[in-house]
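K.L.:
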Amino acid sequence: MKKLSLLPKRLSPGDKIGVVCPSNEIAGQKQTEELRRGIKFFENLGFKVERGKNLCSANPQDRANDINEFFLNPDIKAIFSAQGGDTSERVLKFIDWSAVSENPKIFMGLSDVTVFLNAIYTKTSLIPFHGGDVRYHYGKNPTEYDKTEFTDRLINGCTGKINPSGDRKTIRGGKGSGNLLGGNLRCLLKLVDTPFWPDFTGAILMLEALTMDELRCVEYLKILRQKGVFDKISGVIVGFVYSMEIEKPDAPQMEDILLMETRDYNFPILKVRDFGHGCPNTVLPIGAQIELNADNLTYKIVSNVI
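Add 32 to the 1-based position in the sequence shown for the numbering used here, that's all there is to it.
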């Protein structure tokens, strides 16, 4: 029996967006300026933006309080992460899950916020969104692709085929369908052996990384194997892996290592450049139904997401 998803309401210009830090706090002049530019990006789209009171607090409970308050605040229509980092799991334990499930609204982020995205869906069935962070992504050099994908998904509610932001490659052919799970590989593994570890039965797994090398990639993929993930999933979409693709383009890439480590499986693998660090980002609904066709280099959303 399929899990019934809880859908947030779409955004409209004039709505108020709340900015939070589910992972690391904002620190220093550079991050503060990038946050300002990211907020300006959304204001230029016609939105009002409210900053959480504790964006600069090193206390994880303070940062969780911002998230809880924004879910409970009816004036806040969406909650966006300012940035990732490495402390999401510390903030996660202070979340008021009844506030989340009783006040469904758009929640978006990437990187270490992978922890939150998968936990939110697993705990409440609310569809959150893997998309750019306010500071780290939209506060740097957002592209027209970023703007279009954000608008199409969260304002217009578009589903269907995901537009490519760069070249795609068939790593292992075939087709698969299931609910979309995953995000940053390293951060996803923080949920192992917790109540927030997703049910990967029939899922399409998305993977990306900022810093990665061959040895760590093998190690992380072996953990997925040991947890039975590869026995359950219907396919994998590999996004942009910054350090491997930029710093060591001639070395084995994540998709190559994944193919080798899963050579005894036959699920399809598609390589894309539509999500990750240091690349344009589409907006992908965690928990929504996805159809993957690695043979013709496509994947599409086939269920309502807002």
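The beta-carbon is built from N, C-alpha and C at its ideal position, and this holds for glycine as well.
Taking Cβ positions only, does residue 310 come closer than 8 angstroms to chain D?
P.N.:
Looking at the structure shown, chain D is missing, and only one protein chain is on hand.
K.L.:
Short of 8 angstroms in beta carbon distance, which residues of its chain neighbour residue 331, apart from the five on each side in sequence? Order them along the chain.
P.N.:
Answer for residue 331: 193, 194, 236, 269, 302, 304, 322, 323, 324, 325, listed in chain order.
K.L.:
Would residue 76 be called buried (16 or more neighbouring beta carbons within 10 Å of its own) or exposed?
P.N.:
Answer is exposed; the Cβ neighbour count stays below 16.
K.L.:
Should the stretch 90-105 be called in touch with the stretch 195-213, which here means at least 3 C-beta pairs below 8 angstroms?
P.N.:
In short, these stretches do not touch, since the Cβ pair count stays below three.
K.L.:
List the whole-angstrom C-beta distance separating residue 146 from residue 230, where the pair is believed to meet the contact cut-off of C-beta under 8 angstroms.
P.N.:
About 11 angstroms separates the two Cβ atoms, so there is no contact after all.
K.L.:
DSSP three-state label for residue 317, please.
P.N.:
In this structure, residue 317 counts as strand in the three-state DSSP scheme.
K.L.:
Classify residue 293 as helix, strand or coil using the three-state DSSP reduction.
P.N.:
The answer is helix: DSSP assigns residue 293 an H, G or I state.
K.L.:
Count Cβ pairs between the stretch 195-214 and the stretch 94-106 that sit closer than 8 angstroms; are there 3 or more?
P.N.:
Result no; under three Cβ-Cβ pairs closer than 8 angstroms.
K.L.:
Have a look at residue 64 and residue 58 and give me their C-alpha separation to the nearest angstrom.
P.N.:
Those two C-alpha atoms are separated by around 7 angstroms.
K.L.:
Helix, strand or coil: how does DSSP classify residue 153 here?
P.N.:
It is helical.
K.L.:
How would you write the range of the beta strand (DSSP E) that residue 272 sits in, first residue to last?
P.N.:
Where residue 272 is concerned, the enclosing beta strand (DSSP E) stretches over 267-273.
K.L.:
Using the three-state DSSP reduction, which class does residue 163 fall into: helix, strand or coil?
P.N.:
Reduced to three states, the DSSP call for residue 163 is coil.
K.L.:
For residue 255, count neighbouring C-beta atoms within 10 Å of its own C-beta (all shown protein chains included) and say buried if the count is 16 or more, exposed if not.
P.N.:
Exposed, by the Cβ-count rule.
K.L.:
Quick one, are the C-beta atoms of residue 144 and residue 118 less than 8 angstroms apart?
P.N.:
In this structure, residue 118 lies closer than 8 angstroms to residue 144 by Cβ.
K.L.:
Exposed or buried, what is residue 241 when buried is set at 16 or more other beta-carbons lying within 10 Å of its beta-carbon?
P.N.:
Buried: at least 16 other Cβ atoms inside 10 Å.
K.L.:
Could you check where the beta strand (DSSP E) with residue 72 kicks off and where it finishes?
P.N.:
Segment 60-76 is the alpha helix (DSSP H) holding residue 72; no beta strand (DSSP E) there.
K.L.:
Closest by CA to residue 53, which one among 45, 61, 67, 43?
P.N.:
Among 45, 61, 67, 43, the Cα nearest to that of residue 53 belongs to 67.
K.L.:
One question on the structure: do residue 261 and residue 39 come within less than 8 angstroms of each other, judged by their Cβ atoms?
P.N.:
In this structure, residue 39 does not lie closer than 8 angstroms to residue 261 by Cβ.
K.L.:
What are the uninterrupted segments assigned as alpha helix (DSSP H) that are 4 or more residues long and contained completely in the stretch 214-257, given in chain order?
P.N.:
You should have 217-220.
K.L.:
What residues in its chain sit with their C-beta under 8 angstroms from that of residue 110, if we drop five residues either side in the sequence?
P.N.:
Only 40, 43, 47, 49, 50, 137, 138, 139, 140, 186 meet the Cβ criterion.
K.L.:
State the DSSP-derived secondary structure class of residue 330, mapped to helix, strand or coil.
P.N.:
Correct three-state label for residue 330: strand.
K.L.:
Please state if the CB of residue 228 and the CB of residue 213 are separated by a distance shorter than 8 angstroms.
P.N.:
Not a contact, by the Cβ cut-off of 8 angstroms.
K.L.:
So residue 341 and residue 312 are supposed to be a Cβ contact under 8 angstroms. How far apart are they, rounded?
P.N.:
Limits of the chain in this structure are 33 at one end and 338 at the other, which puts residue 341 out of reach.
K.L.:
Residues in the same chain with beta-carbon distance under 7 angstroms from residue 107, minus the five sequence neighbours each way, listed in chain order, please.
P.N.:
Once the five neighbours on either side are set aside, the close Cβ partners of residue 107 are 48.
K.L.:
Compare the Cα-Cα distances from residue 215 to each of 177, 116, 74 and report the closest residue.
P.N.:
It is 116.
K.L.:
Within the same chain, show all residues whose beta-carbon is closer than 8 angstroms to that of residue 314, passing over the 5 residues directly before and after it, in chain order.
P.N.:
Around residue 314: 163, 177, 181, 185, 194, 195, 197, 306, 307.
K.L.:
Is the separation between the beta-carbon of residue 275 and that of residue 226 shorter than 8 angstroms?
P.N.:
Against a cut-off of 8 angstroms, the Cβ pair of residue 226 and residue 275 comes out as no contact.
K.L.:
Taking 8 angstroms as the threshold (C-beta atoms), are residue 249 and residue 289 in contact?
P.N.:
Yes, these two residues count as a Cβ contact at 8 angstroms.
K.L.:
Helix, strand or coil for residue 79 per DSSP?
P.N.:
If DSSP states are grouped into helix, strand and coil, residue 79 belongs with coil.
K.L.:
In three-state DSSP terms, what is residue 325?
P.N.:
Here residue 325 sits in strand by DSSP.
K.L.:
Thinking C-alpha only, which one of 174, 277, 279, 121 is nearest residue 218?
P.N.:
Among 174, 277, 279, 121, the Cα nearest to that of residue 218 is on 121.
K.L.:
Compute the beta-carbon to beta-carbon distance between residue 319 and residue 278, rounded to the nearest angstrom, for a pair I have assumed lies under 8 angstroms.
P.N.:
At roughly 30 angstroms, the Cβ-Cβ gap does not stay under 8 angstroms, so residue 319 and residue 278 are not in contact.
K.L.:
Determine the contact status of residue 11 and residue 167, defining contact as a CB-CB distance below 8 angstroms.
P.N.:
The structure shown has nothing for residue 11, since the chain only spans 33 to 338.
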